[in-house]
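Below is one structure; the comments refer to it alone.
In this note's numbering, the protein residues as written are 507 to 614.
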């Protein structure tokens, strides 16, 4: 068994994102590309975004801190700490409104 503090991981990734030229940082905490389940903590500084991309499988986004917007076509969902967003099975992007950290869970 493995136990991690999402709060601590999010805080660490936000610090790394603040010093990264991309304004982003991430750490896979469970699974990976060779597993059917992958969980990754992603942090982005305010104003940064993840460009539009395909959905790699069933996915959810749990906002750990800050505020973000998930955009898919003409639909937008705003999420803040504690919000769980089911990512649509369509091309989408994510924009950080504030400094934000979220847990991305993908099942293939």
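Every residue, glycine too, gets a C-beta built ideally from N, C-alpha and C.
CB of residue i within 8 Å of CB of residue j, strictly
i, j, result
"residue 609", "residue 574", "no"
"residue 591", "residue 566", "yes"
"residue 524", "residue 551", "yes"
"residue 516", "residue 564", "no"
"residue 532", "residue 519", "yes"
Residue i (DSSP reduced to helix, strand or coil)
i, result
"residue 545", "strand"
Rounded separation between residue i and residue j - CA only
i, j, result
"residue 572", "residue 602", "8 Å"
"residue 576", "residue 559", "12 Å"
"residue 527", "residue 605", "15 Å"
"residue 522", "residue 588", "22 Å"
Bridge partners - residue i, DSSP secondary structure assignment
i, result
"residue 531", "549"
* Within the stretch 558-612, note down every full beta strand (DSSP E) run reaching 3 residues or more, in order along the chain. => 564-571, 573-578, 581-586, 590-592 and 598-602
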